[in-house]
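**Student:** In our numbering, the protein residues as written are 2 to 252. For glycine and all other residues, C-beta sits at the position ideal for the given N, C-alpha and C.
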Amino acid sequence: TSAVVTIPVVVHVLYNTTAQNVSDAQIQSQIAVLNEDFNKLNADVSKTPSAFAGLAANVGIQFVLAKQTPTGAATTGIERKSTTRTSWGTDDAMKKVSTGGLDAWNSAKYLNLWVCNLSGGVLGYAQFPGGAAATDGVVILSSGFGRNGSAAAPFNLGRTATHEVGHWLNLRHIWGDASCGNDLVSDTPTQQTSNGGCPSFPKVTCSNGPNGDMFMNYMDYTDDACMYMFSNGQSSRMNALFATGGARAGL
Ligand code: ARG
Ligand code: ZN
Ligand code: CA
C-alpha cells in the first residue's frame, strides 16, 4: 500500500433546470462515493468473485471539496452557473467562461469536476494526464452524478465519476478499446470488448478462462451496481502519477 494522497476537488455546476442544479447533498454523496471506491471502503466490494478478490485494490486516494480558491479565498469547493444552454457536447465548452461554461481552476492543484446536461447519452468523459491545463478534469452528466437527488438508475451510485477519475488518473478501459485489446495493466484479464448491464460470473472471452472478464471493474461499462473494484495493477498505474516527476505530482 502507498501513502494516502488527498486531492482537492472543485465542482463546477452548469444548470438550465432545477434538477440539473444538483444539491450540495448530491455533490457530497459523490465525494463520499469517490472516497469509498478509491479506498476499498465500498460495501459492495464483498461481491467480488473469490477468483478476483485478491486483486481488489485500496488505491489510497482521498477526495475533499476544496476549501481555498486558487487565490487563497475561502470556498465551499462548489461553483454554480445558470445557463440558457440546455445540453452540452464533448467539445469542452463547459470548461470555459468564454464558451458559456466555468473556467478550470489550476489543474496542478485541483481535480476539476464539471456537472452538466451532456447530450447523446454520454454519462461522462475525462481528460488523461498530460493534456492542456485549461481542459483538465472530468465531466459528469447531472443525472449520473452522486447517489441521491437527480441521480437516475442504473447510473445512480456515483460510479460514472469513479470511472472518469480512473481515466483522469491514466487508466484505460479494461478491454483496451479494441477486440481483446491491451489496457496496459497486467492483472486485469484481456477481454474482448466492453460489458454492459450486469453479467454473470464467469464470462470467458479471448481465452481468458476459467475466470474470464473482470467485468466488475470500474473501468468496464457495467451498471453502477455491478462494478465495485480497481485492481492492484490499476492502483499502481494511478499512484505512479503522484511520484516525483509524475504527471500529477503537484496534487
Ligand atoms: N461511458 C463513459 C466513459 O467511457 C462512462 C461509463 C460509466 N459507467 C457507469 N456504470 N457509470 O467514460
Ligand atoms: Zn471510459
Ligand atoms: Ca490487462
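1. Given ILE32, which residues of its chain have a CB within under 8 Å of its CB, disregarding the five upstream and five downstream residues?
2. Would DSSP call ALA134 helix, strand or coil?
3. Can you give me the start and stop residues for the beta strand (DSSP E) that ARG81 sits inside?
4. I think GLY145 touches LEU170, with their Cβ atoms under 8 Å apart; what is that distance to the nearest whole Å?
5. Apart from the five residues on each side of it in sequence, which residues of its chain come closer than 8 Å, Cβ to Cβ, to TRP106?
6. Just grab the DSSP bridge partners of LEU15 for me.
7. Per the contact definition of three or more C-beta pairs closer than 8 Å, is the segment 238 to 245 in contact with the segment 206 to 223?
8. Taking the alpha-carbon positions, what's the VAL139 to PRO200 distance?
9. Expressed to the nearest angstrom, what Euclidean distance is found between the alpha-carbon atoms of ALA247 and PRO130?
10. Can you tell me the Cα-Cα spacing of ALA250 and LYS110, whole angstroms?
11. Apart from the five residues just before and just after SER88, which ones in its own chain have a Cβ nearer than 6 Å to its Cβ?
12. What are the start and end residues of each continuous alpha helix (DSSP H) run of 4 or more residues lying completely inside the segment 192 to 252, in chain order?
13. Quick one: is the Cβ of TYR229 within less than 8 Å of any heavy atom of ligand 1?
14. With DSSP as the reference, label GLN128 as helix, strand or coil.
15. Label THR2 either buried or exposed according to how many other C-beta atoms from any shown protein chain fall within 10 Å of its C-beta, with 16 as the threshold for buried.
16. Using only the alpha-carbon positions, how far apart do TYR219 and ASN149 sit?
17. Where ASN40 and ALA58 are concerned, what is the direct C-alpha to C-alpha distance, given to the nearest angstrom?
18. Suppose the cutoff is 7 Å on Cβ atoms and the five residues either side in sequence are ignored; what does the same chain contact list for SER24 look like?
19. Kindly examine ligand 3 and report whether one of its heavy atoms sits closer than 8 Å to the Cβ of VAL186.
20. Report whether the distance from the Cβ of HIS13 to the nearest heavy atom of ligand 2 is below 8 Å.
21. So what does DSSP say about TRP89, is it helix, strand or coil?
22. Would you say the beta carbon of GLU165 comes nearer than 8 Å to a heavy atom of ligand 2?
23. Below 8 Å on the Cβ atoms is my guess for GLU254 versus ALA127; work out the distance and round it to an integer in Å.
24. Following a CB-centred definition, is ALA127 positioned closer than 8 Å to any heavy atom of ligand 2?
25. Can you tell which of ASN196, THR163, GLY167, ASP188 has its C-alpha closest to the C-alpha of ALA179?
**Tutor:** Taking the definition as stated:
1. Once the five neighbours on either side are set aside, the close Cβ partners of ILE32 are VAL10, PHE64, VAL65, LEU66.
2. Helix.
3. Residues 79 to 83.
4. Rounded, the Cβ-Cβ distance is 19 Å, inconsistent with contact.
5. VAL11, ALA67, THR70, PRO71, ASN113.
6. For LEU15, which the question treats as bridged, DSSP gives the partners LYS82.
7. Taking a cut-off of 8 Å on C-beta distances, the segment 206 to 223 does not touch the segment 238 to 245, as fewer than three cross pairs fall below it.
8. VAL139 and PRO200 have their C-alpha atoms spaced approximately 27 Å apart.
9. The sequence as given places Gly at residue 247; Ala does not occur at that position. Approximately 9 Å between the Cα atoms of the pair.
10. One alpha carbon belongs to ALA250, the other to LYS110, and they sit about 9 Å apart.
11. If we look at SER88 and ignore the five residues flanking it on each side, its Cβ neighbours are ASN118, SER120.
12. Runs found: 233 to 240.
13. No, Cβ of TYR229 sits at least 8 Å from all heavy atoms of ligand 1.
14. Coil.
15. Low local confidence applies: a pLDDT of 46 at THR2 is under 50, so the model's placement there is unreliable, with the coordinate-based value given in what follows. Exposed is the call here.
16. Looking at the two C-alpha atoms, the distance is approximately 20 Å.
17. Annotation: ASN40 to ALA58 spans about 8 Å, alpha carbon to alpha carbon.
18. GLY150.
19. Yes, the Cβ of VAL186 comes within 8 Å of a heavy atom of ligand 3.
20. HIS13 Cβ: outside cutoff for every heavy atom of ligand 2.
21. In the three-state DSSP reduction, TRP89 falls in the strand class (E or B).
22. True, at least one ligand heavy atom lies under 8 Å from that Cβ.
23. Past the boundaries of the shown model lies residue 254; the chain is included only from 2 to 252, so the question cannot be answered.
24. Checking every heavy atom of ligand 2 against the Cβ of ALA127, one is found closer than 8 Å.
25. The option with the nearest alpha carbon to ALA179 is ASN196.
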